[in-house]
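S.K.:
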Amino acid sequence: MQDSKKLKTLTHRIIAIVGDGATEKMLRLKHLTSYRSAVTHSSRLLFTHEDKLILPASIPSRFTSNRFLDFYQLGNKDAIQKERARLKDEMNRGYFADMAELKEHGGKIAVANKVIIPAMAAVKFPQLEVNSSNGKCFKLPITTYGSDTESMKADIPKATLMCLSFRATSQAMTDSWSAPFVEAFKDSNKVRLYEISFIESWLLSLTPIKKLLLLMLKKSKPEENGVLHKQIAYAFGDHYYFRKELKILNLLTGYMFLLDKFGRIRWQGFGLAAPDELSSLLSCTSLLLEEE
């Protein structure tokens, strides 16, 4: 009987100890659940108001890039799939791959077109928003689409050479095309030339820093004879899908696109200009000037 009482007392003690521990665990779990709920509510509130609650008034609400927002759209399966594809693409291609390719052929990733691309087979150049050094924002290319009046159509160029540069290494490459191009068509008012530098850093794309950068990049206008002048512009922000549409992989080389008045790509070149490639560019431009 005494042993039975001892066993019963010991059992009660064990139950009491376990009970106290279980109670403590339940309290901890409840506290943790409440904390997580509060954090989730706060994060939803911040993203709902486009980060306005955590950003200074001087920085615009677009501080967070579209890519960042897409990544955190956890309920959007398409956005997640799109971001995964992008990350995989960027991991497969990096700076060292670009550098190895540049050492191999000096940026000449392909030969330029020898003849003009037929209008029916030509693809449109994707629209691009750029800034001039004076801070003016405009969209390229300038085409006949959306130009209703005759006066507006009269200002549309028949041929536009777009020289794209993503790194400083490609500046000499674009110069090898643009300088002879300006010399050949300096008296034509139907030709345009744009040298576009891409600045994809999110920090440099912030409005205050961008304005300061454009102010620093502003130079005195070079003395150029004739009608045709080289126009320098800057494209800020993420241009991954723009590059993908034009099949631009190596960011260390230069890319040249000759467009017609409808914004279609009728010729393209890469890297440093070879004499025969330069000749094909000039002849294709002359053909575009003759097109109705």
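Note that full-length UniProt numbering numbers the sequence shown so that position 196 is 196, with each residue one more than the last. Glycine is no exception: its CB is placed at the ideal position from the N, C-alpha and C atoms. As the structure is a prediction and not an experimental result, all values here were calculated from the model.
Could you say if the stretch 201 to 213 and the stretch 164 to 173 meet the contact criterion of at least three C-beta pairs nearer than 8 angstroms?
M.R.: The stretch 201 to 213 is not in contact with the stretch 164 to 173.
S.K.: Between which two residues does the alpha helix (DSSP H) harbouring residue 333 extend?
M.R.: Lying outside 1 to 292, the shown extent of the chain, residue 333 is not represented and no answer is given.
S.K.: Find the nearest neighbour of Leu281 within the set Ala235, Ala159, Asn250, judged by alpha-carbon distance.
M.R.: Leu281 has its Cα closest to that of Ala159, out of Ala235, Ala159, Asn250.
S.K.: In or out: Ile261 buried (at least 16 other Cβ within 10 Å) or exposed?
M.R.: Note on residue identity: the sequence assigns Lys, not Ile, to residue 261. Result: buried.
S.K.: What does a CB cutoff of less than 7 angstroms around Gly106 pick up in its chain, not counting 5 residues either side in sequence?
M.R.: For Gly106, where only same-chain residues beyond five positions count, the Cβ hits under 7 angstroms are Gly271, Leu272.
S.K.: Please report the straight-line C-alpha distance between Ser190 and Leu206, rounded to a whole angstrom.
M.R.: Residue identity check: residue 190 is Lys in the sequence provided, not Ser. Going by the C-alpha atoms only, they are around 35 angstroms apart.
S.K.: Check the DSSP bridge columns for Met120 and list the partner residues they point to.
M.R.: Partner(s): none; Met120 has no beta bridge.
S.K.: Looking at the structure shown, is Ser201 part of a helix, part of a strand, or coil, going by DSSP?
M.R.: Note: Ser201 maps to coil in three-state DSSP.
S.K.: Using the C-alpha atoms, what's the distance from Lys77 back to Met162?
M.R.: If I take the Cα positions, the gap works out to 36 angstroms.
S.K.: Grouping DSSP H, G and I as helix and E and B as strand, with all else coil, what is Lys211?
M.R.: Correct three-state label for Lys211: helix.
S.K.: Could you tell me if Tyr194 is buried or exposed, where buried requires 16 or more neighbouring beta carbons within 10 angstroms of its beta carbon?
M.R.: Under this definition Tyr194 is a buried residue.
S.K.: Pick out the complete alpha helix (DSSP H) segments inside the stretch 205 to 290, 4 residues or longer, and give them in chain order.
M.R.: Counting only runs of 4 or more, we get 207 to 217, 240 to 245, 275 to 290.
S.K.: Helix, strand or coil for Ala159, going by three-state DSSP, please let me know.
M.R.: Three-state DSSP puts Ala159 in a strand.
S.K.: Relative to the C-alpha of Glu292, which residue among Asp98, Pro157, Lys139 is closest?
M.R.: Checked all of Asp98, Pro157, Lys139; the closest Cα to Glu292 is Pro157.
S.K.: Rounded to the nearest angstrom, how far is the Cβ of Arg264 from that of Lys124, given a contact under 8 angstroms?
M.R.: At roughly 6 angstroms, the Cβ-Cβ gap stays under 8 angstroms, so Arg264 and Lys124 are in contact.
S.K.: If you drop the 5 nearest sequence neighbours on each side, which residues of the same chain put their C-beta closer than 8 angstroms to that of Asp187?
M.R.: Excluding residues within five positions, the ones whose Cβ falls inside 8 angstroms are Gly226, Val227, Leu228.
S.K.: Could you round the C-beta distance between Leu214 and Tyr241 to whole angstroms and report it? I think they count as a contact, below 8 angstroms.
M.R.: About 24 angstroms; that fails the 8 angstroms criterion.
S.K.: Pull up the DSSP beta-bridge partners for Ser132, would you.
M.R.: Its beta-bridge partners are Ala233.
S.K.: Looking only at its chain, what residues have a beta carbon closer than 8 angstroms to the beta carbon of Ser178, apart from the 5 residues adjacent to it on each side?
M.R.: Same-chain partners within the cutoff: Leu161, Cys163, Leu193, Glu195, Lys230.
S.K.: Do Ile109 and Asn250 have their C-beta atoms closer together than 7 angstroms?
M.R.: Closer than 7 angstroms, so yes.
S.K.: Is Phe166 helix, strand or coil when you go by DSSP?
M.R.: It is coil, neither helix nor strand.
S.K.: Can you tell which of Glu277, Met120, Gly135 has its C-alpha closest to the C-alpha of Met256?
M.R.: Measuring from the Cα of Met256, the nearest candidate turns out to be Glu277.
S.K.: Can you name the residues that DSSP bridges to Val191?
M.R.: Per DSSP, Ala159.
S.K.: Output the distance between the C-alpha atoms of Ala274 and Met216, rounded to the nearest integer angstrom.
M.R.: Approximately 33 angstroms, taken between the alpha carbons.
S.K.: On the three-state DSSP scale, how would you describe Lys139?
M.R.: Note: Lys139 maps to strand in three-state DSSP.
S.K.: Restricting to Cα atoms, I'd like to know which of Pro126, Lys82, Phe236, Glu104 is closest to Ser132.
M.R.: That would be Phe236, whose Cα lies nearest to the Cα of Ser132.
S.K.: Which residues in the same chain as Asp98 place their Cβ atom closer than 7 angstroms to its Cβ, once the five residues preceding and following it in sequence are excluded?
M.R.: Cβ within range, chain order: Asn250, Leu251, Leu252.
S.K.: Going by the beta-carbon positions, is the gap between Leu246 and Cys284 smaller than 7 angstroms?
M.R.: No; because the gap between Cβ atoms is not below 7 angstroms, this pair is not in contact.
S.K.: Please work out which residues of its chain come closer than 7 angstroms, Cβ to Cβ, to Ile232, disregarding the five sequence neighbours upstream and downstream, and give them in chain order.
M.R.: Hits under 7 angstroms: Ser133, Glu195.
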